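Residue numbers (our numbering), protein chains in the order written: chain A, 2 to 291; chain B, 2 to 291.
Just so you know, even glycine gets a beta-carbon here, dropped at the ideal spot from N, CA and C.
Everything numeric in this text was worked out from a predicted model, so none of it was measured.
For reference, the structure discussed in these notes is given below.
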């Protein structure tokens, strides 16, 4: 991996903007996969940079985009989605000619729209590696985070094939599988597979907590409660960015979920055991895990 | 463990009715913890008995209650809840004087009510070990299933203290922590901590499947979808028994869950970011895992 027809060439510089879970893990993994490249980081906090340099996850970095982006051939925005949308504009004015711009944000339509409005739409492609966890920050980062994950690439109509190729190489270098998908289609799908599970977990955690005192909850819950509510522990500010940049699809998902709960409620309330069995068996069979 | 003041005495016989995940694991664990006791199994299928004898998990057994229960001092019903309710009556006519009757069913009010209607209400106590998994059957059984789990005991007003003591010893012998709780209170709590998570997972799996083709679901879902829907893979016939013997509490939970989803939907639809943040942060903080 990392040596697809000699890509990247010696001295190739990658800038990772945001050294949280996603950015930190990406830098750490690239540092191993692309020894011939320079890996640079951007973090608002100088201590974060020092820590990442100390661990050998980046070669160098800076606390703002201007300090770093002028010298890179590939920039990866790994901040919360609404910050990414702002940084796409800022990066456009800083990157050298020919440099590729991508991101790892969880919603894509608004990011790709912002990329299309830059002066370099051919050199931009949206990205979304389908991995992550509730823990946040560089402390949670690890080089293997991307291994085996699907890394969605969302080109706009203006994106050049060479741009997609560069970011596909990046994805493969860290062990992920690139998958090209329309941004609108991506957002519709992840609204159901990712954002709706988060809201279901959160609503469930609230519905449990309102009726069960904390002491009983600790003693009288098992792995089922723990797993079903796990996503409710996600970072709220990150999730707000995601939900508010994918509002229509998430709202449709919330309505669908309430409809399904209503069907189950109706069958149970009326004692319709065969009907309830059909609903639950359908759920059991429709579940598909990778 | 297993030697609390010499309990059980040599030759003490325990009958485990139903050799699925719960009963099989219990027999296997007891066989190790109580070497001085005889562990007998009841399974409708002779091959299941042979398999369990072959693995050394039971000493002997039979395919019906009459074959086994006349010779035991402790009977544990480990079948689906509505079968347990029937078997409580049947066991009452078979057990020798003084023998203790308990169960491991997931709902308790109807089971304990059935126990109260027997001729030996003082020798009966309901039980619910808070463990398990979606996999079912003896193949999924393992001696460590109960280790660290809370084992709820629900006495009726007629239950003798010595009866609770016997079943507490059983629970401790397999590594669980006995916890005495009123059956109605138990059912209200597990409706939220266990049955509602199952229905949330099932409704979510349906709401995802109705909008996302199977191929996309496999490629574009990550650990969040997998964990949040995990319980939807549970055995439906077992869950029907649980839901239909805890209907009122489960219905109240379903309404509470839909209310919480409605609040989230309302905040997102109106773009009320601070309100949405309060709901999601509340969920994050209310989640309590053992």
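Counting only the same chain and skipping the five closest in sequence on each side, list residues whose C-beta sits under 6 Å from that of residue i.
i	result
residue 130 of chain A	105, 147, 150, 152 and 177
residue 193 of chain B	254
residue 11 of chain B	37
residue 26 of chain B	142, 143 and 146
residue 89 of chain B	115 and 116
So what's residue i in DSSP terms, helix, strand or just coil?
i	result
residue 55 of chain A	helix
residue 290 of chain A	coil
residue 61 of chain A	strand
residue 19 of chain B	coil
residue 300 of chain B	This structure cannot settle anything about residue 300 of chain B, because the visible part of chain B is limited to 2 through 291.
residue 180 of chain A	strand
residue 160 of chain A	coil
residue 75 of chain B	strand
residue 241 of chain B	helix
residue 276 of chain A	helix
residue 4 of chain B	Because residue 4 of chain B sits at a pLDDT of 47, beneath the cut-off of 50, its placement in the model cannot be relied upon, and the following sentence gives the value as read from the coordinates. Three-state DSSP puts residue 4 of chain B in coil, outside helix and strand.
residue 43 of chain B	strand
residue 169 of chain B	helix
residue 143 of chain A	coil
residue 236 of chain A	coil
residue 191 of chain A	helix
residue 121 of chain B	coil
If we call anything under 7 Å between Cβ atoms a contact, is residue i one with residue j?
i	j	result
residue 179 of chain B	residue 195 of chain B	no
residue 22 of chain A	residue 137 of chain A	yes
residue 39 of chain A	residue 58 of chain A	no
residue 93 of chain A	residue 120 of chain A	yes
residue 117 of chain B	residue 157 of chain B	yes
residue 79 of chain B	residue 16 of chain B	no
residue 237 of chain B	residue 281 of chain A	yes
residue 126 of chain B	residue 164 of chain B	yes
residue 206 of chain A	residue 227 of chain B	no
residue 202 of chain A	residue 246 of chain A	no
residue 155 of chain B	residue 184 of chain B	yes
residue 66 of chain A	residue 91 of chain A	yes
residue 108 of chain A	residue 190 of chain A	no
residue 159 of chain B	residue 123 of chain B	yes
residue 233 of chain B	residue 284 of chain A	yes
residue 262 of chain B	residue 212 of chain A	no
residue 50 of chain B	residue 139 of chain B	no
Specify, as a first and last residue, the run of the alpha helix (DSSP H) that residue i falls within.
i	result
residue 198 of chain A	197 to 210
residue 32 of chain A	22 to 34
residue 84 of chain B	82 to 93
residue 12 of chain B	That residue, residue 12 of chain B, is in no alpha helix (DSSP H); it is neither H nor E in DSSP.
residue 307 of chain B	Residue 307 of chain B lies beyond the range of chain B shown here (2 to 291); nothing can be said about it.
residue 301 of chain A	Absent from the structure is residue 301 of chain A, since the part of chain A shown begins at 2 and ends at 291.
residue 69 of chain B	66 to 70
residue 117 of chain B	110 to 117
May I ask which residues mark the beginning and end of the beta strand (DSSP E) holding residue i?
i	result
residue 104 of chain A	101 to 104
residue 252 of chain A	No beta strand (DSSP E) holds residue 252 of chain A; the alpha helix (DSSP H) holding it covers 248 to 270.
residue 154 of chain B	151 to 155
Out of curiosity, what's the CA-to-CA distance linking residue i and residue j?
i	j	result
residue 254 of chain B	residue 30 of chain A	44 Å
residue 171 of chain A	residue 100 of chain A	14 Å
residue 4 of chain B	residue 62 of chain B	In this predicted model, residue 4 of chain B has a pLDDT of only 47, less than 50, meaning its place in the structure is not dependable; the value taken from the coordinates is given anyway. Their Cα atoms are separated by approximately 24 Å.
residue 103 of chain B	residue 181 of chain B	14 Å
residue 24 of chain B	residue 36 of chain B	18 Å
residue 28 of chain A	residue 41 of chain A	8 Å
residue 60 of chain B	residue 143 of chain B	17 Å
residue 43 of chain A	residue 241 of chain B	54 Å
residue 286 of chain B	residue 45 of chain B	47 Å
residue 2 of chain B	residue 132 of chain B	Interpretation of residue 2 of chain B is limited by its pLDDT of 42, a score under 50 that renders its predicted location unreliable; no figure is taken from the coordinates.
residue 279 of chain B	residue 199 of chain A	15 Å
residue 214 of chain B	residue 186 of chain A	12 Å
residue 260 of chain A	residue 239 of chain A	27 Å
residue 7 of chain B	residue 220 of chain B	57 Å
Give every residue of the same chain whose Cβ lies closer than 7 Å to the Cβ of residue i, excluding the five residues on either side of it in the sequence, and list them in chain order.
i	result
residue 258 of chain B	197 and 201
residue 9 of chain A	35, 37 and 38
Once you ignore the five residues that flank residue i on each side, which residues in its own chain have a CB closer than 8 Å to its CB?
i	result
residue 277 of chain A	265, 268 and 269
residue 74 of chain B	9, 13, 14, 15, 97, 99, 100 and 101
residue 64 of chain A	43, 44, 45, 46, 47 and 50
residue 111 of chain A	82, 86 and 246
Is residue i a contact residue of the ligand FMN, with contact defined as CB to any heavy atom under 6 Å?
i	result
residue 191 of chain B	Of ligands this structure carries none, so the ligand FMN is not represented either.
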